[in-house]
Every structure is written in structure tokens, then in C-alpha cells.
Amino acid sequence: MSEQRGDQNGGSPIQVLLKVARTQKFYWFLGHVSELAFFVLNALISLYSRSVKYYRLALLAVIFTYGIVVKEIHFRRQGLAAIRKRDVRVGLIRDENVQYLLIAVVFYVTSPITGGVSGGLYPFSIYSIFHVLTYFQSTLLPSSPVSPHVRQQLDASITNFTTSFSQRALYIAANAEFFWLSSFVLFIPFALFYLLRSPLYTITNAFVFVSVIAFLKVRYETNQYFKVIVSSWDMRINQFLLSGKLPPSLNELYNIRIKGLIHKITDPIQLPALTSSKKTT
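All letters in the sequence shown, in the order written, are residues 245 to 525 by our numbering.
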């Protein structure tokens, strides 16, 4: 969603706030602010509690913000009736906003049973930081009740931060998404044990795992930052395996059997192709 510069002569800060409060974009902004607040609360609570209350509230905020974006992009003109068109359905599946929305829904629905995905909020929170800053800079800051000097300093600081760290943040977010897989490191080897002990927990975890695999495969195919992250970890693993400290059989196990299994599982996961040259806007 594009940012719009606020009008510095649009009235008092209260008048400007009342004006922007009538826009969907303002509630999108509040959703990102809420996500960050609940993310911080969840991080603090997790130090001494396994409660997923704030984890779920953060995900609700994520679902809310992405829901606004998806509605604005795909259903603004024709509403839900547009979904009857194949190109709209394909466009939905191919839209990364929809992909993030769906994975957030999966995390939210399953969290009471699984306890949440390790690092599940990190990518969303990274994106929220930049969305909050850019919206504040473009819409709220111009009419804020501060001196022009302070306003200019804040504007320059936000510009410097977003310019300097935006690309780095995208790599960090991609790395955080990759590490979602760490939640299943202990689950997979003991899946049979968990199945006998707690079938609902096992089936739910398996569903989340499959959802994460599908999400990450799509990210690998469509996002250059995630592809670089996967390639860098693959290179590190190969460097370690070829260091001479490990038996050659482990290199064969990783590069032939494990990679072969990964390709066998993920290759069927493909985004549908657009049948029309007309793009969804």
C-alpha cells in the first residue's frame, strides 16, 4: 500500500487525526502498532511463562493488517464477488500478502495446541517497524505538535533509518522465516512417540509443519532475499561437511539423500500460472 504525505496545513493535530482516522490506512497503521506492542509483551512474558495470550493477540493484529491490504488490492471494486474470476483467485494465491495472511491464520488457529512457532512473530514485527515509521513520517509527523526543527530532525532520522536498514531488515526477516523450521527439529524424530502420547498435538504440529514448508517453498521461488538466505546456509553446511573433520559419507547423505528428499517433497508445490496478461491491481 502506498504512503501518502500528510498536509501540513490541514488544521490542528486533532483535526488531522480525526481526518485520517476515517481512512482504512489509519487502522492498518494501528494494526502494526498493536502487533509491535503485543510482540514486546509476548517476549517479556515468555521469559517466565508459556502463555500464548500475547502471541495470539499479535497474530490477530497481523491478520487484521494483512486483511486490510488484501481487501484493498483484490476486492475494492467488486467485493467478494470478484473471487468467482479465475484470474482473481490465481492472483490471490500468488500475492505475498495473502501468503503471509494465511500463514498467520495457521499460526493463530493452532497456537493453543502447539504453543506457537518459535520465532513466529519475528518477520511480521520487522515489517511492522518499517510500516509504522513510514506511515508516521508521511501522515502524522507533518502535522504533529512539535517545532519545525524537531520535525525536520525526526523526518531525517526516520529517512536515514529506513534507507540504511531496509534491505538488511529484509534479509533478517527472511532468515527468521527460515528458522521457523527449528520448531520442528525435535518434533520430526519423535513424531511416532508424540502420536501415541498426544494424537491431537501431533496432527496439529504436522499440519503447521506442512503449512510452513509450503509457505517457505513459495518464498524461495518468489523472493530473492529468502533464496539468498537458503543458499548461504547450504554453502555453510557444505563447507562444514567438506572441512575434513567429518566422514565423507555425511556429505553424500546431505547432498544426495537429504536434498533429494527435500526436492521430492517440495517440487510439487507450485504457484498457479496466470492465464491472462492482465495484472491484478
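By construction, the Cβ of each residue, glycine as well, lies at the ideal position given by its N, Cα and C atoms.
Keep in mind the model is a prediction, meaning the values are calculated, not measured.
query: Close beta carbons around Y415, own chain, < 6 Å, minus the five adjacent residues each side; result: Y469
query: Contained alpha helix (DSSP H) runs [length at least 4] in the segment 454-492, N- to C-terminal order; result: 468-485
query: Stretch pair the segment 486-500 + the segment 433-440: three plus CB contacts closer than 8 Å; result: no
query: F459 versus S382, V350 and G504, residue with shortest Cα-Cα distance; result: V350
query: Residue interval of the alpha helix (DSSP H) (run including A281); result: Q268 to I289
query: Nearest-angstrom Cα separation, counted from R330 out to L288; result: 45 Å
query: Selected residue, minimal CA-CA separation from E279, among V452, T446 and Y371; result: Y371
query: Three-state class that DSSP yields for K523 in the structure shown; result: Low per-residue confidence applies at K523: pLDDT is 41, beneath 50, and the placement is therefore not dependable, though the value from the model is reported in the following sentence. Reduced to three states, the DSSP call for K523 is coil.
query: Secondary structure of K503, DSSP reduced to three states; result: helix
query: I502 versus N495 - alpha carbon distance; result: 10 Å
query: Buried or exposed (CB count within 10 angstroms, at least 16 for buried), I473; result: buried
query: Distance, F380 Cα to I317 Cα; result: 22 Å
query: Cβ-based burial, W477 [other Cβ within 10 Å; buried from 16]; result: exposed
query: Simplified DSSP state of G323, which is helix, strand or coil; result: helix
query: Other residues of its chain near L377: CB distance less than 8 Å, five sequence neighbours each side excluded; result: I402, F405 and T406
query: Cα-Cα separation between R395 and S387, rounded to whole angstroms; result: 9 Å
query: Per-residue DSSP class, three states only, for Y531; result: Residue 531 lies beyond the stretch modelled for the chain, which goes from 245 to 525, so this question has no answer here.
query: DSSP state of G363 mapped onto helix, strand, coil; result: coil
query: Contacting residues, own chain, Cβ-Cβ under 6 Å from N419 (five flanking each side not counted); result: I473
query: N-terminal and C-terminal residue of the alpha helix (DSSP H) that F428 is part of; result: Segment: none, F428 is in no alpha helix (DSSP H) and carries neither H nor E.
query: First and last residue of the uninterrupted alpha helix (DSSP H) at T358; result: E340 to T358
query: Q514 - DSSP class collapsed to helix/strand/coil; result: coil
query: Closest by C-alpha distance to I481, when choosing among S293, L497 and L324; result: L497
query: Enclosing alpha helix (DSSP H) for P392 [first to last residue]; result: P392 to F422
query: 8 Å contact criterion, which T309 and G275 should meet: CB distance rounded; result: 4 Å
query: Pick from I337, A281 and R266 that is closest to L518, judged by C-alpha positions; result: I337
query: Boundaries of the alpha helix (DSSP H) in which Q259 is found, first to last residue; result: P257 to V264
query: Beta-carbon gap between Y271 and L304 smaller than 8 Å; result: no
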